[in-house]
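Asks: Per the numbering used here, the very first residue in the sequence shown carries number 1141; after that it's consecutive. So that we are looking at the same thing, I have put the structure below in structure tokens.
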Amino acid sequence: MTEAAALPGQPRGGVLSGPATARAVNVLAPNASAMTLDGTNTWIVSEPDSELAVVVDPGPLDDVHLRHVVDTARKGGKRVALTLLTHGHPDHAEGAARFAELTGTHVRALDPALRLGDEGLGHGDVVSVGGLELRVVPTPGHTADSLCFHLPADRAVLTGDTVLGRGTTVVAHPDGRLGDYLDSLRRLRSLTVDDGVHIVLPGHGPVLDDAQGAVEFYLAHRAHRLAQVETAVENGYTGPAEVVAHVYADVDRSLWPAAELSVRAQLEYLRDHGLI
């Protein structure tokens, strides 16, 4: 779910359906829009020599897409053994129950309402399937239930909507909170510095091969927007819609409703910190 223009410099290439790393294959959902970019990236993740695979974010409730994901795994000699969700927005999670029917898998997520099966996902959890290891990284902010999945064997992280392959993401107020989001970005930056992560496998847009650069850009972008919002309020633009029209004047108007969610989160953050 994007709110703004292009992320400069880092894309590895165009949006793809196919292998992105040794262990991750993307199947692009046919739900392109201003908010979803080229569509939702559904990820099939597995060890190269294993018959078992994990699917991250089955995507929208589109039977053709969901069956295509199953067929793609099968053609690669894989059987889907587990479904994971980065968060509950419909473009990522609406198809999960139907996908579970097609594959006979459980669905694991942070939000209990999205789970099918007994196990959820939380901080410190490690998902192991067929020798594959995915480490759960809580990254609230875009939504309260947002997670990323660290794939250490490929030095990669699956980011859902926390970091996109193009553009910047929405802090989806009131569920999303800016303070949480900034903490999550710093957590991802630590992965790039301390754990050698250099590839971003995003929920939308192309693969990024400079994870640290992408996260640093996001942090700088957020600081810049926050300063702009603070200045706008000081100049008398007090309502969220007024602030959007002033601060996001360079952004396509079709994205202003999403920008207003982020502005509401920014205003809340500034109030909570006594800055306005």
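The C-beta atom is built at its ideal place from N, Cα and C for all residues, glycine as well.
1. Among the residues of its own chain, which have a CB less than 7 Å from the CB of Leu1401, if the five just before and after it don't count?
2. DSSP on Ala1284, reduced to helix/strand/coil?
3. Answer yes if the region 1266-1278 comes into contact with the region 1227-1242, meaning at least three C-beta pairs across the two stretches below 8 Å, and no otherwise.
4. Just to confirm my understanding: we take Lys1218, look at its own chain, exclude 5 residues before and 5 after, and list those with CB closer than 8 Å. What are they?
5. Between the C-alpha atoms of Arg1238 and Thr1176, what's the straight-line distance to the nearest angstrom?
6. Compare the C-beta of Thr1371 with all C-beta atoms of chain E and state if any pair is closer than 8 Å.
7. Evaluate the contact criterion for the region 1326-1334 versus the region 1345-1353: three or more CB pairs, one atom per stretch, below 8 Å.
8. Check Ala1162 in the structure and name its three-state DSSP category.
9. For Thr1226, which beta-bridge partners are listed by DSSP?
10. At what residues does the beta strand (DSSP E) containing Val1266 begin and finish?
11. Helix, strand or coil for Leu1256? Go by DSSP, reduced to three states.
12. To the nearest angstrom, how far is it from the Cα of Leu1222 to the Cα of Asn1181?
13. Can you have a look at Pro1342 and say buried or exposed, based on whether 16 or more other CB atoms are within 10 angstroms of its CB?
14. From Asp1140 to Thr1279, what does the alpha carbon distance come to, in whole angstroms?
15. Between the C-alpha atoms of Thr1212 and Pro1188, what's the straight-line distance to the nearest angstrom?
16. Less than 8 Å separating the beta-carbons of Asp1301 and His1364?
Replies: Let me spell this out:
1. For the purposes of this step, residue 1401 is identified with residue 261 of the sequence shown, where counting begins at 1. Same-chain partners within the cutoff: Val1310, Val1311, Ala1312, His1313.
2. Along the sequence shown, read from residue 1 onward, the residue named residue 1284 stands at position 144. Reduced to three states, the DSSP call for Ala1284 is coil.
3. The count of Cβ pairs closer than 8 Å, one atom from the region 1227-1242 and one from the region 1266-1278, stays below three, leaving the stretches out of contact.
4. The residue you call residue 1218 lines up with position 78 of the sequence shown. Excluding sequence neighbours, Lys1218 sits near Ile1184, Ser1186, Ser1190, Glu1191, Leu1192, Ala1193.
5. Position 98 of the sequence shown, counting from 1, holds the residue named residue 1238. Position 36 of the sequence shown, counting from 1, holds the residue named residue 1176. Computed Cα separation, rounded: 21 Å.
6. Included in the structure is just one protein chain, with no chain E present.
7. yes
8. Position 22 of the sequence shown, counted from the first residue, corresponds to residue 1162. Coil, per DSSP.
9. Position 86 of the sequence shown, counted from the first residue, corresponds to residue 1226. BP columns for Thr1226 are empty, so no partner.
10. The sequence position of residue 1266 within the sequence shown is 126, counting from 1. Secondary structure note for Val1266: its beta strand (DSSP E) is the uninterrupted segment 1266-1269.
11. As a working mapping, residue 1256 is identified with position 116 in the sequence shown. Strand, per DSSP.
12. Within the sequence shown, residue 1222 is the residue found at index 82, counting from 1. Within the sequence shown, residue 1181 is the residue found at index 41, counting from 1. Whole-angstrom Cα-Cα distance: 17 Å.
13. For this step, residue 1342 is matched to residue 202 along the sequence shown. Result: buried.
14. Nothing in the structure corresponds to residue 1140, since the chain is present only between 1141 and 1416.
15. As a first step, residue 1212 is located in the sequence shown; it is residue number 72 there, counting from the start. As a first step, residue 1188 is located in the sequence shown; it is residue number 48 there, counting from the start. About 14 Å.
16. Counting from 1 along the sequence shown, the entry for residue 1301 is found at position 161. Counting from 1 along the sequence shown, the entry for residue 1364 is found at position 224. Not in contact: Asp1301 and His1364 (Cβ atoms no closer than 8 Å).
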